[in-house]
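This report refers to the structure that appears directly beneath it.
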Amino acid sequence: MSYRIGVVDTMFARVDMGKYAVEELNKYGDVDIVRVTVPGMKDLAVACKKLLDGDCDVCLAIAMVGAHKLDEVCAHEANMGIMQAQLMTNKHVLGVFVHEIEADNEKDLYDICVDRATKHARNAYLIVAKPEELTKNAGAGRRQGRADAGRLVVK
Amino acid sequence: MSYRIGVVDTMFARVDMGKYAVEELNKYGDVDIVRVTVPGMKDLAVACKKLLDGDCDVCLAIAMVGAHKLDEVCAHEANMGIMQAQLMTNKHVLGVFVHEIEADNEKDLYDICVDRATKHARNAYLIVAKPEELTKNAGAGRRQGRADAGRLVVK
Amino acid sequence: MSYRIGVVDTMFARVDMGKYAVEELNKYGDVDIVRVTVPGMKDLAVACKKLLDGDCDVCLAIAMVGAHKLDEVCAHEANMGIMQAQLMTNKHVLGVFVHEIEADNEKDLYDICVDRATKHARNAYLIVAKPEELTKNAGAGRRQGRADAGRLVVK
Amino acid sequence: MSYRIGVVDTMFARVDMGKYAVEELNKYGDVDIVRVTVPGMKDLAVACKKLLDGDCDVCLAIAMVGAHKLDEVCAHEANMGIMQAQLMTNKHVLGVFVHEIEADNEKDLYDICVDRATKHARNAYLIVAKPEELTKNAGAGRRQGRADAGRLVVK
Amino acid sequence: MSYRIGVVDTMFARVDMGKYAVEELNKYGDVDIVRVTVPGMKDLAVACKKLLDGDCDVCLAIAMVGAHKLDEVCAHEANMGIMQAQLMTNKHVLGVFVHEIEADNEKDLYDICVDRATKHARNAYLIVAKPEELTKNAGAGRRQGRADAGRLVVK
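What follows is the structure, given as structure tokens:
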């Protein structure tokens with residue numbers, strides 16, 4: 000048996016994050032990948048929904064968010080749709096959204112993209128194949144895009 | 000076989016973007032167009048939903064957003080409805096929203112309208128007829144309304 | 000055959016906009032009006048939904064929005080509910096919301112109320128009885144509450 | 000026959016508004032009251048939904064909103080849920096939300112609570128028992144929490 | 000008979016709040032706990048929905064919210080999804096969200112986490128096992144995370 004994972008990304012993004020997600024998922028022997036690309040982030044939710052209504056077990060929804068305030072509103076709308084798609088299908092969609100305002104410069108932006116896409120690809124796999132692996136890290140300050148924050152230690 | 004594409008626009012907008020979308024769609028031999036006009040952008044979602052519940056394969060939802068902050072709230076509500084319409088029908092609606100605050104002047108506003116309507120009309124066609132064309136441009140920085148941003152190149 | 004149009008308004012509003020809507024609708028020979036009043040704008044959505052689940056073909060949802068920021072949040076919630084009611088019933092609800100912050104003074108506020116209620120009553124009729132009339136005005140800069148903005152002319 | 004009215008409030012609020020609502024409802028001979036208390040305002044929507052899916056005809060959803068901006072976001076989420084609960088059940092839920100930022104001082108806050116709970120309890124009764132009473136006050140500037148604003152008179 | 004309570008938390012959080020919730024729930028003799036961990040707060044809603052569609056009677060959705068404005072938007076999206084999950088299942092999900100901006104320092108943040116997780120675990124038990132206990136505290140100014148505010152006393 001293998002897990003079927005949807006990788007849905009956009010033409011709007013300036014980094015091919017889907018490629019990095021696919022590279023990570025290819026490390027696991029029991030994964031089939033379905034890749035779909037849409038114009039922009041507000042098109043992700045229904046694309047994921049169609050895959051999840053089909054035979055995908057989980058999806059990655061991958062987007063880059065511009066720096067204009069209109070882009071932030073779009074990201075919110077996209078995320079609300081992705082939330083809904085999950086509730087309608089009872090399956091997870093892990094959002095891999097990278098916001099330009101997170102990054103210090105283009106190099107930093109690129110690095111965040113690669114790190115987040117890779118780590119969330121792994122999370123998508125674990126959430127369907129080995130959910131107990133996630134529980135071991137409950138409250139552990141795990142981050143995608145940057146280094147982990149770690150557990151809060153208070154004296 | 001032909002693809003049935005809904006072009007839904009408003010009386011509120013000051014540019015007949017629907018016309019430009021129709022002109023683009025008419026370039027393809029296998030497209031039937033259904034055109035509907037509603038008063039304002041908050042009326043787009045249900046109009047699209049009705050077309051998609053009928054025999055349309057995909058819709059364009061076309062609007063111009065005024066510069067007042069109330070207009071921005073309306074645009075957000077309209078987009079949330081369009082998001083929902085897609086999830087309820089498992090079909091795409093490409094939003095062609097042009098915001099006055101995007102433009103430097105009226106000429107610029109007009110140009111954005113034409114460019115965005117035309118390019119998204121093409122996207123609407125591709126998403127149902129040739130989805131693999133979109134995947135070729137994953138992460139390629141494609142834009143509608145302005146020139147493409149292109150892929151991020153980091154040394 | 001006649002069209003059945005719901006006119007739903009509030010006790011909160013300070014102008015009886017429903018009356019002006021009814022006056023306009025009474026000009027058409029083939030309209031039956033159902034009038035319902037609720038306490039405030041957040042009660043409009045379910046009132047419209049009940050009418051549309053019944054035998055109304057379209058509704059007007061009429062409200063006045065106070066100037067406090069809490070009123071604006073309420074208006075957003077009301078509009079999101081109205082959006083949802085439309086998508087659940089596949090019928091239009093035209094929102095006739097007048098915001099105090101739109102107006103220069105009380106006289107101006109009153110005039111906006113009358114103009115918007117009257118024009119949207121006509122739109123509600125056209126949307127079910129003569130939708131092709133709306134298409135003639137696609138992108139024509141039609142406004143309710145103020146004078147039309149007109150088409151954008153760029154040299 | 001009697002009307003069944005749900006009174007749903009929170010442990011978070013600092014005034015027992017539910018008590019005032021019940022006192023008002025007890026003035027009517029044909030009302031049965033079902034009282035439910037939840038921890039905070041975001042728990043109101045599903046509590047109302049359960050009552051309306053049962054045999055309640057209408058609900059009051061009663062909450063006090065703190066002055067922190069996080070409290071305002073919670074209130075918005077709570078209200079969106081209440082909106083949804085109404086649309087899913089085709090029954091009214093009257094929101095009795097009192098925001099600390101509305102009040103000048105603690106005495107004022109208390110008075111708003113009592114006034115709003117009492118008047119909306121009456122509205123809840125009227126909306127199911129005598130809806131025509133509400134229509135008489137269409138556009139009459141009725142307020143809950145403060146004195147009525149009255150109709151706008153323009154010379 | 001025993002009550003089945005879902006404890007759903009994240010790897011993103013820096014405090015293992017789920018552990019404190021479980022400790023509290025273990026004090027009650029008639030509780031079975033199902034623990035699930037997801038990557039981040041936007042993954043909580045569908046995880047809860049799946050448990051509630053299964054045999055859980057109520058869920059705790061536990062998250063820590065970072066200090067960046069993007070984190071606040073995520074929290075809002077997460078909460079809207081949790082709201083929806085409740086309405087779709089007619090069961091309660093108590094949100095245990097701790098925002099970094101609530102705390103004065105890391106020690107304070109830790110204390111809020113423990114207090115809120117513990118008290119809401121108790122609330123989750125009461126809401127299904129002894130709802131009348133909650134009604135005794137209607138309008139009593141109960142807080143989770145900080146000391147109770149208490150009832151408002153006005154002279």
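Protein chains in written order, with numbering that gives the first Met the number 0: chain A, 0 to 154; chain B, 0 to 154; chain C, 0 to 154; chain D, 0 to 154; chain E, 0 to 154.
We treat Cβ as the ideally placed atom computed from N, Cα and C, and that holds for glycine.
Leaving out the 5 sequence neighbours to the left and right, which residues in its chain are closer than 8 Å to B/V127 when beta-carbon positions are compared?
Y2, I4, D56, V57 and H91
Counting only C-beta atoms, is D/H188 closer than 8 Å to chain C at any point?
In the structure as shown, chain D starts at 0 and stops at 154, and residue 188 of chain D therefore has no counterpart that could be examined.
Under three-state DSSP, which class holds B/Y19?
helix
Kindly indicate which three-state DSSP category D/D42 falls into: helix, strand or coil?
helix
Chain-ordered neighbours of A/R34 on chain B, where CB pairs are closer than 7 Å
T134
Quick one: using the 10 Å Cβ neighbour count with 16 as the cut-off for buried, is B/K118 buried or exposed?
buried
Distance between beta carbons of B/L133 and A/M16, contact taken as under 8 Å:
No, A/M16 and B/L133 are not in contact; Cβ-Cβ is about 15 Å, not under 8 Å.
Beta-carbon contacts of D/N65 that lie in its chain and below 7 Å, excluding the five residues immediately before and after:
Checking the displayed sequence, the identity of residue 65 of chain D turns out to be Gly instead of Asn. Closer than 7 Å at the Cβ level, and outside the excluded window around D/G65, lie E99.
Per DSSP, the bridge partner or partners of A/V33
A/G5
Would you list, in sequence order, the uninterrupted alpha helix (DSSP H) runs of no fewer than 4 residues that lie entirely inside the stretch 75-117 of chain B?
none
Any C-beta of chain E sitting closer than 8 Å to the C-beta of D/A62?
no
Report yes or no: do three or more beta-carbon pairs, one from the stretch 38-48 of chain C and one from the stretch 36-56 of chain D, lie closer than 8 Å?
no
Chain A contact residues for E/Q85, given Cβ-Cβ distances below 7 Å:
Those do not exist, as E/Q85 stays about 11 Å from chain A at its closest Cβ, beyond 7 Å.
Distance between A/V95 and B/M87 (C-alpha atoms, nearest Å):
23 Å
So B/L24 and B/Y124 are supposed to be a Cβ contact under 8 Å. How far apart are they, rounded?
6 Å
Pull up the distance between the alpha-carbon of A/A116 and that of D/Q85, whole angstroms please.
39 Å
Are any of the Cβ atoms in chain B nearer than 8 Å to that of A/M40?
no
Give the secondary structure of B/V57 by DSSP, where H, G and I count as helix, E and B as strand, and everything else as coil.
strand
Sorted by chain position, which residues of the same chain lie with C-beta nearer than 7 Å to C/V120's C-beta, five sequence neighbours on each side aside?
The question names Val, but residue 120 of chain C is Ala in the sequence shown. Contacts found: A20, E23, L24 and L59.
Neighbour flag for B/N25 against chain A, beta carbons, 8 Å:
no
Counting only Cβ pairs nearer than 7 Å, list the residues of chain B close to C/A139.
M10
D/A139: CB within 7 Å of a non-hydrogen atom of the ligand MN
Ligands are entirely absent from the displayed structure, and the ligand MN is therefore not among its contents.
Could you tell me which chain E residues have their CB closer than 9 Å to the CB of D/L235, listed as they occur along the chain?
Missing from the structure shown is residue 235 of chain D; chain D here goes from 0 to 154 and no further.
Best match in D/R13, D/V37 and D/V7 for proximity to E/A148 [C-alpha to C-alpha]:
D/R13
DSSP on B/V64, reduced to helix/strand/coil?
strand
Could you tell me the boundaries of the alpha helix (DSSP H) in which B/L151 lies?
It is not in any alpha helix (DSSP H) - B/L151 carries neither H nor E in the DSSP assignment.
Are any of the Cβ atoms in chain C nearer than 8 Å to that of D/A128?
no
Distance, D/D8 Cα to E/G138 Cα:
8 Å
Three or more C-beta pairs below 8 Å linking the stretch 26-36 of chain B and the stretch 68-78 of chain B
no
Grab me the residues of D/D54's own chain with a C-beta within less than 8 Å of its C-beta, minus the 5 sequence neighbours each way, in chain order.
R3
Taking D/N122 as the reference, give the member of D/D107, D/M82 and D/R141 with the closest Cα.
D/R141
Kindly say whether C/G144, judged by its beta-carbon, lies nearer than 8 Å to any beta-carbon of chain B.
no
Note down, in chain order, every chain C residue with its Cβ under 8 Å from the Cβ of B/A44.
M82, Q85 and L86
Under three-state DSSP, which class holds C/D147?
coil
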